[in-house]
Amino acid sequence: MSIIRQDPTTREWVIIAAERNRRPHEHPRPVRTGSQPPDTGFCPFCPGHEASTPDEVLRVPDSGGTGWAVRVISNKFPALGVGGGLERREPGPLFREMDGVGTHEVVIETPSHERSLPLMTDREVAHVLRAYQARYRSLRRDPRLKYIIIFKNHGEAAGTSLAHPHSQLVATPVPPMLLRRKYEVAVAHYDDTGRCLYCDIAEEERKAKSRVVLETDRFLVFHPFASRVPFETWITPKRHQPSFGQVSEEDLRELAPVLRRTLRALYDRLGDPDFNYIIHSAPAEDENKDYYLWHIQILPRLTTIAGFELGSGIYVSTMRPEDSAAVIRDHEQATAVQGSA
Ligand SMILES: [Zn+2]
Ligand SMILES: [Zn+2]
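Residues -13 to 327 in the numbering used here are what the sequence shown spells out, letter by letter.
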């Protein structure tokens, strides 16, 4: 069982999961961007190896040869586990810790070892989004879990240890400090204006146009005003909705092509870059408040985060978001023209 400890200087929580040391490729190795982990021959996520993965918690069926389109399993080396309670312990006057209660699941996005999200069909991406949402809604019912985050690491520089396309879902018993801080800012904006900061930002980006790359009836895709890294991309719904668990089936059907096209444009223009994406939602108990908007944040890993960023929390991006947005927007328009020809 892992433990969760609080850093007394920042009040941030740290998960200490010593079991994860047994993970594949545990030793630090130099990382090149754009590279997939080495092929070790046996892939536990490929069809035919279902018995070698931990418990399956969800299967999206498919009539194809493998019988499944998406599988969700427990993480073999979880950062957090289902046992334990929420009591805080104080091993010293300044030190606070608790059991590593939570869940850590892996979403195997496709039976195909090579078919990453940018190369999928809209229907396949929709299957993945439905699996995310089904697990989100299910975990949401456990009152011990305060915050659910869905994320994807693509490529070695983004932290992948297995090449087969997959994403992850972690539910924690404490809201992360970063979210708390964002929340305080959003609540202050709400107190001042009576409006949701995130909806206001999306509307301002939509009006400014210069950082927008794609707009559909229900979604807006843009490179944020203060992008942390080149080509940082946000996908936001145009209607206020705090949690990804609340997204309707109609919205999911429209989100699938929006996400696929966004990832495909980055894939085409940047040559299959390593990236992370995160689906941010409000904490479980704040799902019906007026001041947070679920959104997808995509962070291409084109540059390395180093001492200055780690020491100061200040990112140095080497590109204006107006310029990166123009590159992607032009690509979108060119491929849209091709598609209609
Ligand atoms: Zn595989
Ligand atoms: Zn909103």
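Just so it is clear, CB atoms sit at the ideal spot from N, CA and C, and this is done for glycine as well.
*Contiguous alpha helix (DSSP H) assignments of at least 4 residues, all confined to the segment 279 to 308*: 293 to 298
*Could you check which residue in Pro286, Met(-13) and Val313 has the C-alpha nearest to that of Ala143?*
Here residue 143 refers to the residue found at position 157 when the sequence shown is read from its first residue. With distances taken between Cα atoms, Ala143 lies closest to Pro286.
*Kindly examine ligand 2 and report whether one of its heavy atoms sits closer than 6 Å to the Cβ of Tyr184.*
Position 198 of the sequence shown, counting from 1, holds the residue named residue 184. Checking every heavy atom of ligand 2 against the Cβ of Tyr184, one is found closer than 6 Å.
*Check whether the segment 269 to 283 touches the segment 169 to 188, counting contact only when three or more Cβ pairs, one atom from each stretch, lie closer than 8 Å.*
yes
*Hey, out of Ala3, Pro(-6), Glu189 and Glu(-2), whose CA is closest to Ser(-12)'s CA?*
By one-based count along the sequence shown, residue -12 stands at place 2. That would be Ala3, whose Cα lies nearest to the Cα of Ser(-12).
_Any non-hydrogen atom of ligand 3 closer than 6 Å to His90 Cβ_ = Here the bound small molecules are ligand 1 and ligand 2; ligand 3 is not part of this structure.
*Can you tell me the Cα-Cα spacing of Phe217 and Val313, whole angstroms?*
On the sequence shown, position 231 is the one that residue 217 refers to. On the sequence shown, position 327 is the one that residue 313 refers to. Computed Cα separation, rounded: 9 Å.
_Assuming Gly141 and Asp254 are in contact, meaning their beta carbons sit under 8 Å apart, how far apart are those beta carbons, in whole angstroms?_
The residue labelled residue 141 in the question sits at position 155 within the sequence shown. The residue labelled residue 254 in the question sits at position 268 within the sequence shown. With 8 Å as the limit, Gly141 and Asp254 do not qualify as a contact, their Cβ atoms being about 16 Å apart.
*For Ile134, I'd like the list of residues in its chain whose CB is within less than 6 Å of its CB, leaving aside the five on either flank, ordered along the chain.*
Locating residue 134 in the sequence shown gives position 148, where the first residue counts as 1. If we look at Ile134 and ignore the five residues flanking it on each side, its Cβ neighbours are Tyr122, Leu125 and Ala157.
*Look at the alpha carbon of Ala292 and the alpha carbon of Thr219, and state the distance between them as a whole number of angstroms.*
Position 306 of the sequence shown, counted from the start, is the residue given in the question as residue 292. Position 233 of the sequence shown, counted from the start, is the residue given in the question as residue 219. Each residue's Cα considered, the two are about 21 Å apart.
*Return helix, strand or coil for Met84, following the three-state DSSP convention.*
Counting from one through the sequence shown, the residue named residue 84 turns up at place 98. Here Met84 sits in strand by DSSP.
*Would you mind sorting Pro16 into buried or exposed? The rule is 16 or more other CB atoms within 10 Å of its CB.*
Within the sequence shown, the letter at position 30 stands for residue 16. The predicted position of Pro16 is uncertain, since its pLDDT is 46 and thus under 50; a value taken from the coordinates is nonetheless stated next. Label assigned to Pro16: exposed.
*Cut-off 6 Å between Cβ atoms - residues of its own chain near Val207, not counting five sequence neighbours on either side*: For the purposes of this step, residue 207 is taken as the residue at position 221 of the sequence shown. Excluding positions up to five away in sequence, the list reads Val199, Leu200, Ile221 and Thr248.
*State the Cα-Cα distance for the pair Val43 and Thr179, rounded to the nearest angstrom.*
Locating residue 43 in the sequence shown gives position 57, counting from the first residue. Locating residue 179 in the sequence shown gives position 193, counting from the first residue. Going by the C-alpha atoms only, they are around 43 Å apart.
*Count the other C-beta atoms from every protein chain shown that fall within 10 angstroms of the C-beta of His150, then say buried if there are 16 or more, exposed otherwise.*
In the sequence shown, counting from the first residue as 1, residue 150 sits at position 164. Result: buried.
*Find out if the Cβ-Cβ distance for the pair Val87, Val58 is shorter than 7 Å.*
As a working note, residue 87 is residue 101 in the sequence shown. As a working note, residue 58 is residue 72 in the sequence shown. No. Outside cutoff.
*For Gln227, which three-state DSSP category applies?*
In the sequence shown, residue 227 corresponds to position 241, counting from 1. In the structure shown, Gln227 sits in coil (DSSP, three-state: anything other than H, G, I, E or B).
_Separation of Ser303 from Asp309, as counted between CA atoms_ = The residue you call residue 309 lines up with position 323 of the sequence shown. The residue you call residue 303 lines up with position 317 of the sequence shown. Going by the C-alpha atoms only, they are around 12 Å apart.
*asked:* Please output, in chain order, the residues near ligand 1 using a CB cut-off of less than 6 Å to any non-hydrogen atom of the ligand.
replied: Cys29, Phe31, Cys32, His99 and His150
_Per-residue DSSP class, three states only, for Leu115_ = Stepping through the sequence shown from its first residue, residue 115 is reached at position 129. Correct three-state label for Leu115: helix.
*Please name the residue in Pro223, Val160 and Val56 whose C-alpha comes closest to that of Asp203.*
Here the question's residue 203 lines up with position 217 in the sequence shown. Closest option to Asp203, Cα to Cα, is Pro223.
_With 16 other Cβ atoms within 10 Å as the buried cut-off, status of Leu288_ = Sequence index remark: in the sequence shown, residue 288 carries index 302 (1-based). Per the 10 Å Cβ criterion, buried.
*Return helix, strand or coil for His317, following the three-state DSSP convention.*
For this step, residue 317 is matched to residue 331 along the sequence shown. Note: His317 maps to helix in three-state DSSP.
*For Gln154, which residues of its own chain have a beta-carbon under 8 Å away from its beta-carbon, when the five flanking residues on both sides are left out?*
Locating residue 154 in the sequence shown gives position 168, where the first residue counts as 1. Only Asn61, His90, Glu91, Val92, Val93, Ile136, Phe137, Lys138 and Asn139 meet the Cβ criterion.
*For Val207, name the three-state secondary structure that DSSP assigns.*
The residue you call residue 207 lines up with position 221 of the sequence shown. Strand.
*Coil, strand or helix - Ser(-12) by DSSP*: On the sequence shown, position 2 is the one that residue -12 refers to. Reduced to three states, the DSSP call for Ser(-12) is coil.
*Confirm the yes/no value for this check: CB of Leu279, any heavy atom of ligand 2, distance under 6 Å.*
Within the sequence shown, numbered from 1, the residue matching residue 279 stands at position 293. Leu279 Cβ: within cutoff of ligand 2.
*Under 8 Å by Cβ, that's how I've got Met163 and Thr(-4) pegged, so tell me the actual separation to the nearest angstrom.*
Taking the first residue of the sequence shown as 1, we reach residue 163 at position 177. Taking the first residue of the sequence shown as 1, we reach residue -4 at position 10. At roughly 7 Å, the Cβ-Cβ gap stays under 8 Å, so Met163 and Thr(-4) are in contact.
_beta strand (DSSP E) runs contained entirely in the segment 21 to 62, provided each spans 3 or more residues_ = 42 to 47 and 54 to 60
_On the CB-based measure, 16 or more other CB atoms within 10 Å of its CB, does Ser102 come out buried or exposed?_
Residue 102 sits at position 116 when you count from the first residue of the sequence shown. Buried is the call here.
_Alpha-carbon to alpha-carbon, Lys275 and Asp177_ = Working through the sequence shown from its first residue, we reach residue 177 at position 191. Working through the sequence shown from its first residue, we reach residue 275 at position 289. Cα-Cα distance, rounded: 13 Å.
*With Lys193 as the anchor, note down where its alpha helix (DSSP H) starts and where it stops.*
What you label residue 193 is simply residue 207 of the sequence shown in a count that begins at 1. Note, Lys193: alpha helix (DSSP H), Leu183 to Ala194.
*State the beta-bridge partners of Phe137 as determined by DSSP.*
Counted from its first residue, the sequence shown places residue 137 at position 151. Per DSSP, Gln154 and Ile264.
*asked:* Let me make sure I understand the geometry here. Which of Gln283, Lys168 and Pro104 has the alpha-carbon closest to that of Gly257?
replied: As a position in the sequence shown, residue 257 is number 271, starting the count at 1. Closest option to Gly257, Cα to Cα, is Pro104.
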